[in-house]
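Protein chains in written order, with my numbering: chain A, 326 to 437; chain B, 120 to 230. Cβ coordinates follow ideal geometry from the N, Cα and C atoms, glycine included. Fair warning: this is a prediction, and the values are worked out from it, not measured in the lab. Accompanying notes for the structure given below.
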Amino acid sequence: SQTIHQWPATLVQPVGSPLSLECTVEGTSNPNLYWYRQAAGRGLQLLFYSVGIGQISSEVPQNLSASRPQDRQFILSSKKLLLSDSGFYLCAWRDRVGDTQYFGPGTRLTVL
Amino acid sequence: GQSLEQPSEVTAVEGAIVQINCTYQTSGFYGLSWYQQHDGGAPTFLSYNGLDGLEETGRFSSFLSRSDSYGYLLLQELQMKDSASYFCAVRDRRGFQKLVFGTGTRLLVSP
């Protein structure tokens with residue numbers, strides 16, 4: 326069966342510090358991968374998606390970036406965090422023929 | 120682009136039936152999905168409608184009318200554990216690889 330991992334679960338970082346969040350998927354090949362951000366009590370904002378290794382589509386301009394160095398690995402990064410980057414970051418995957426997106430457990434980021 | 124509208128909050132009592140509506144705007148509509156998210160947790164898939172009509176999965180049903188750009192999620196025999204946020208999400212043919220979510224409806228079930 327397929328599983329999706331995200332780490333860390335929680336993170337507290339100072340403004341201006343770098344960020345690296347990792348997401349890995351097991352049990353599937355060539356998935357579509359997604360990064361979402363959710364502010365407290367709000368909806369899910371699509372940040373990036375990837376349909377293959379090295380292929381990244383950005384949905385909103387921001388100081389975040391994403392990379393997909395391996396088929397089942399998706400990384401969200403920032404060189405310098407802003408206060409507004411605080412939120413709940415969710416990674417998700419979907420296979421090429423299905424309609425269901427499966428979410429990881431999320432990383433709760435607080436920027437102070 | 121796409122936009123979706125849902126009520127921000129709905130309240131109901133145990134055993135009742137509740138309907139959560141979703142209206143959307145998109146070009147080249149492909150399908151409407153529903154997800155449930157408990158506080159602090161990740162969204163989980165509930166239902167998908169690609170064609171008009173009703174899809175039933177246990178206590179939950181989802182309806183779609185493509186001509187009205189409208190769908191709803193129907194929850195029957197409400198239980199306390201159904202208290203959560205519910206999101207509709209749409210995929211369209213131009214951005215087929217993307218799933219865009221609505222702002223979510225918070226459902227509060229009371230005894």
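Item: Let me know the secondary structure DSSP gives Asp-201 (chain B) once reduced to three states.; Value: helix
Item: Of all Cβ atoms in chain B, is any one closer than 8 Å to the Cβ of Pro-356 (chain A)?; Value: no
Item: Give the secondary structure of Asp-187 (chain B) by DSSP, where H, G and I count as helix, E and B as strand, and everything else as coil.; Value: coil
Item: Looking at Arg-393 (chain A): is its Cβ nearer than 8 Å to the Cβ of Leu-434 (chain A)?; Value: no
Item: At which residues does the beta strand (DSSP E) containing Pro-394 (chain A) begin and terminate?; Value: 389 to 395
Item: Mind checking which residues open and close the beta strand (DSSP E) that includes Ile-381 (chain A)?; Value: 380 to 383
Item: Which bits of chain A does Thr-222 (chain B) rub up against, with CB to CB less than 8 Å?; Value: Arg-367, Gly-368
Item: Are the segment 395 to 408 of chain A and the segment 131 to 141 of chain B in contact at 8 Å, needing three or more beta carbon pairs?; Value: no
Item: Around the Cβ of Gln-363 (chain A), are there at least 16 other Cβ atoms within 10 angstroms (buried) or fewer (exposed)?; Value: buried
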